[in-house]
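Here the structure comes first, spelled out in structure tokens, and everything after it is commentary.
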Amino acid sequence: MLPRTRATGATTAAAAAGAGLITDDSPASQANNIKPVKAPTTDEAPAVELPRTSISPPVIALDTGLKPWKVVTGSFCIILPTYGLLSSIGLFQTYWKSHVLGSSFTESEISWIISMFGFLVCFFAAPSGILFDRYGHEWLLGISTAVYVGAFFGLSFCSTYGQFMVCLVVAGVSAAPPATVAFAVVSQWFKVKEGIATGCVTLGAAVGGILFSMVLQILFDKLPWKWAIIALSGIILGFMTLGNVLVETNMSLHGGRRDHSPPSSNHEEEKPNEELIISVMLKSMRFWFVSISIFAYELVLFIQWGSIPTYAAHTDFADKQFYLMMSYNIGAILGRTLPPWLSDRFLGPLNTIILMNMFTLLVVLGVWLPFGASTVQGLFVAIVLMGIGTGSFVPLGVSCVSAMCEPRDTGTWLGSVYTIVSFATLIGNPATGAILAAYGSTGLLVFLAIALLVGLMSITALRWVSQGKRMLLRDKI
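Quick note, our numbering runs 30 ahead of the 1-based positions in the sequence shown.
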């Protein structure tokens, strides 16, 4: 899941607060670079600043109409060829190993290419969010889309390790802005139904994983590398173009200088406040507990995304890797919908993610370890259940971070957490290849179990700290 930022402000004007608008000269307004509302002027009379009660701010209809869901559809179309492709890109690794690079490079060395792609998508989410808040989506989305599609088109002409690495590095950097915009823009159009809307957007990753698993399997079987990737680039271009057309910034929300105005004169006054927020965050035990937990979850998640084909090859099920990837993504669809619903209705995000952590750990030790390497049926069951477990970590992790901070600080917290988490995506696939080579499939599953155990300990500690260092089991938290 990618960091989001949202406009916040004073709560004294009910209509403005409900719409996420600040139109006075309060400190919250100044922080968002919003000028005071002024009365109409003539040549004879200067502008007069009116008190907040003089003019009612415009009321924005959130959650209703077709436009918000048009934006959700556009965001879905962007996530599908970015995170969706990322969830099935492990097929690239097996193709390179068997058809292009051969014995010249180990599985671990090849996996660094995939890891760099995932790492850069997460690492550059924070600066992408800042650019979106400051300038809006149009130029950011357009330029990054062109570079992203161009990177895959260039990939079709590559045949060496270095060329593959360069193209996927460019693809990773250029995928960060569209993915960030896709999540951030949803919060501008929804309030009551924001969770449902965001859940619909995250489904793009699972649906994209299924789609691209099928597409890559067909393309690699029927076409040579060059034309297979050119065809893939065309599919990516189609979805990204549709996303560019459908996504729309809510221009009624004036936070973040989306009017392209220069920084206000009080810019220097904002710095100490921003530095104070970051300082308090970094000193918070809750920040580090949630960061460690999500780091562990994302490490397991990216190992799943990138290593299922490699694992299948090491357990004599290489011919099943396409169906295994599809099975994983089907499970992820359930994981991205049912646990968040359970969290909203009954348990709360912390309780639910603890439950899903325990569930995933039991799947690794009770299903995958004893049966996954010996029977194809056991492996399929384990992969589907792992999809449910690890798929839930994305939406629930974001909810846990949001619950730890004030709404106005959510962007800072999420950005900081996922900057740390990006390193899990970097080491996940290389570690997988090295462990498989040294210790086999059993060693990989033990590694997953250890990561999940670390996540469980950290998220349980977070719950304990959040309840005043008490463990009240019946609380919804």
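Glycine is no exception: its CB is placed at the ideal position from the N, C-alpha and C atoms. Here the structure is a predicted model, which means the values were calculated and not measured.
Asked	Found
What is the C-beta distance between Val397 and Gly408, in whole angstroms, given that I count them as a contact (C-beta under 8 Å)?	7 Å
For Ile143, which residues from the same chain have a beta carbon less than 6 Å from its beta carbon, with the 5 sequence-adjacent residues on both sides left out?	Phe194, Met195 and Leu198
If you draw a straight line from the alpha carbon of Ile338 to that of Ile140, how long is it in whole angstroms?	15 Å
Who are the Cβ neighbours of Thr340 in its own chain at under 8 Å, not counting the five residues just before and after it?	Gly120, Gln123, Thr124, Glu137, Ser141, Thr462, Gly463 and Leu466
Is the region 381–392 close to the region 486–494, with three or more CB pairs under 8 Å?	yes
Determine the extent of the alpha helix (DSSP H) in which Gly408 is found, giving its start and end residues.	Val406 to Ala433
Give the C-beta separation of Val394 and Lys350 to the nearest angstrom, bearing in mind that I take them to be a contact with Cβ-Cβ under 8 Å.	No, Val394 and Lys350 are not in contact; Cβ-Cβ is about 19 Å, not under 8 Å.
From Gly239 to Ala227, what distance separates their C-alpha atoms?	20 Å
For the candidate residues Ser189, Ile260 and Leu276, whose alpha-carbon lies nearest to that of Leu96?	Leu276
Judging by CA-CA distance, which residue of Gly202, Trp126 and Thr271 is the nearest neighbour of Leu150?	Gly202
Could you give the residue range of the alpha helix (DSSP H) that holds Phe187?	Premise fails: Phe187 is in no alpha helix (DSSP H) and is neither H nor E.
Specify, as a first and last residue, the run of the alpha helix (DSSP H) that Trp99 falls within.	Leu96 to Leu116
Using 8 Å for Cβ pairs, my map puts Ala261 next to Phe250. What's the rounded Cβ distance?	Their Cβ separation, rounded to whole angstroms, is 11 Å, which puts Ala261 and Phe250 out of contact at 8 Å.
Going straight from the alpha carbon of Ile173 to that of Gly159, what length do you get?	15 Å
Tell me whether the beta-carbon of Phe516 lies closer than 8 Å to the beta-carbon of Thr112.	Not covered by the structure: residue 516. The range shown for the chain is 31 to 507.
Just the C-alpha distance for Glu168 and Ser432, rounded to the nearest angstrom, thanks.	27 Å
Span of the alpha helix (DSSP H) holding Phe220?	From DSSP, Phe220 is part of no alpha helix (DSSP H); its letter is neither H nor E.
Determine the extent of the alpha helix (DSSP H) in which Trp257 is found, giving its start and end residues.	Trp255 to Leu276
Measuring CB to CB, does Tyr327 end up less than 8 Å from Gly229?	no
Could you check which residue in Ser134, Ile489 and Met434 has the C-alpha nearest to that of Val310?	Met434
Classify Glu314 as helix, strand or coil using the three-state DSSP reduction.	The sequence given here has Ser at residue 314, not Glu. Coil, per DSSP.
Given a cut-off of 8 Å, decide if Met356 and Ser243 are closer than it, judged by their beta-carbon atoms.	yes
For Thr190, is the classification buried or exposed, using 16 other Cβ atoms within 10 angstroms of its Cβ as the cut-off for buried?	exposed
From Ile360 to Phe410, what distance separates their C-alpha atoms?	11 Å
Arg164 by DSSP, collapsed to three states: which one?	helix
Mark Lys506 as exposed unless 16 or more other C-beta atoms lie within 10 angstroms of its C-beta, in which case mark it buried.	exposed
Count the other CB atoms, across all protein chains shown, that sit within 10 Å of the CB of Gly132; report buried if there are 16 or more and exposed otherwise.	exposed
State buried or exposed for Ile418, treating a residue as buried only when at least 16 other CB atoms are found within 10 Å of its CB.	buried
Tell me which residue opens and which closes the alpha helix (DSSP H) that Met281 is part of.	Per DSSP, Met281 belongs to no alpha helix (DSSP H) and is neither H nor E.
Cβ-heavy atom distance between Lys252 and the ligand FMN below 7 Å?	This structure lacks the ligand FMN; in fact it carries no ligand of any kind.
Whole-angstrom Cβ separation of Thr390 and Met416, contact assumed at under 8 Å?	7 Å
Classify Ala156: buried if its beta carbon has 16 or more other beta carbons within 10 angstroms, exposed otherwise.	buried
Does DSSP put Gln351 in a helix, in a strand, or in coil?	helix
Using CA atoms only, rank isn't needed, just tell me which of Phe154, Thr367, Leu483 and Thr279 is closest to Ser217.	Thr279
Can you grab the Cα-Cα spacing for the pair Ser422 / Trp371, in whole Å?	11 Å
To the nearest angstrom, report how far apart Pro302 and Ser321 are at their CA atoms.	Residue placement at Pro302 cannot be trusted, given a pLDDT of 43 that sits under 50; the coordinates are not used to answer.
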